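Heads up, the thing below is written out as structure tokens.
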Amino acid sequence: GSSNLRQMEERVSPACTSCCSQLPFTFSSTGLAAEVPLPVVSASAGTASGTALRVRQRILGTWIGVLLALACLPIAEQVPLLAWAAAAVAMVLYALTLPDRYDIPCGAFAFTLVLTLAASGEHSVPLLASRAWETTLGGALGLLSARFVMPLKPRQTET
Numbered sequence: 003g004s005s006n007l008r009q010m011e012e013r014v015s016p017a018c019t020s021c022c023s024q025l026p027f028t029f030s031s032t033g034l035a036a037e038v039p040l041p042v043v044s045a046s047a048g049t050a051s052g053t054a055l056r057v058r059q060r061i062l063g064t065w066i067g068v069l070l071a072l073a074c075l076p077i078a079e080q081v082p083l084l085a086w087a088a089a090a091v092a093m094v095l096y097a098l099t100l101p102d103r104y105d106i107p108c109g110a111f112a113f114t115l116v117l118t119l120a121a122s123g124e125h126s127v128p129l130l131a132s133r134a135w136e137t138t139l140g141g142a143l144g145l146l147s148a149r150f151v152m153p154l155k156p157r158q159t160e161t
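Everything in the sequence shown is counted per this note's numbering, starting at 3 for the first residue and increasing by one.
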């Protein structure tokens, strides 16, 4: 009955959110646009308030991670091995905090992505910083899609 309908709605909503949020990035020139659906879908939760909280956490964490990685660009250029070691520590932090938090793992992942790109020779600050603005735009589109295209209704307690 209604529980089957609710389960189907919880599965369809992230897919719809992903489709709606991917469209603007189809024409992106940054090369990172293929990564936009993952943040949007993984930020979708079972409720509208849960989705809003996860989107805020994802955007905040990503911005902090990107800014920290950009601050480490001189290290990545001069001592790539140290940058790779810092990225490894960030991924351990990601794994340790993922069950309990969402903002810290998002920051750790963004930090690792940007720092390893820089250590591999990519030094374009606009390209490296695009992770932050694409996540912000993708999160905003995902939130709007979750709210208006496929809104999740609050769960009703059975009496």
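We treat Cβ as the ideally placed atom computed from N, Cα and C, and that holds for glycine. Here the structure is a predicted model, which means the values were calculated and not measured.
Residue burial classification, residue i (beta-carbon count within 10 angstroms, cutoff 16)
{"i": "Val68", "result": "buried"}
{"i": "Gln59", "result": "buried"}
{"i": "Ala89", "result": "buried"}
{"i": "Val94", "result": "exposed"}
{"i": "Val57", "result": "buried"}
{"i": "Arg133", "result": "buried"}
{"i": "Pro107", "result": "buried"}
{"i": "Ala112", "result": "buried"}
{"i": "Asp102", "result": "exposed"}
{"i": "Pro91", "result": "The question names Pro, yet the displayed sequence has Val at residue 91. Looking at its Cβ environment, which holds fewer than 16 other Cβ atoms inside 10 Å, Val91 is exposed."}
{"i": "Leu145", "result": "buried"}
{"i": "Val116", "result": "buried"}
{"i": "Ala97", "result": "exposed"}
{"i": "Ala110", "result": "buried"}
{"i": "Leu130", "result": "buried"}
{"i": "Ser126", "result": "exposed"}
{"i": "Leu83", "result": "exposed"}
Reduced DSSP secondary structure (H/G/I, E/B, other) of residue i
{"i": "Arg103", "result": "coil"}
{"i": "Ser122", "result": "coil"}
{"i": "Cys162", "result": "Since the displayed the chain opens at 3 and closes at 161, residue 162 lies outside it and no answer follows."}
{"i": "Val116", "result": "helix"}
{"i": "Val81", "result": "coil"}
{"i": "Tyr96", "result": "helix"}
{"i": "Val91", "result": "helix"}
Start and end residues, alpha helix (DSSP H) containing residue i
{"i": "Ala134", "result": "Val127 to Leu146"}
{"i": "Leu149", "result": "Residue identity differs from the one stated: residue 149 is Arg in this sequence, not Leu. Counting along the chain, Arg149 falls outside any alpha helix (DSSP H), and DSSP gives it neither H nor E."}
{"i": "Val68", "result": "Ala50 to Ala73"}
Touch test, the region 120-131 against the region 66-82, Cβ-Cβ under 8 Å, three pairs minimum: yes
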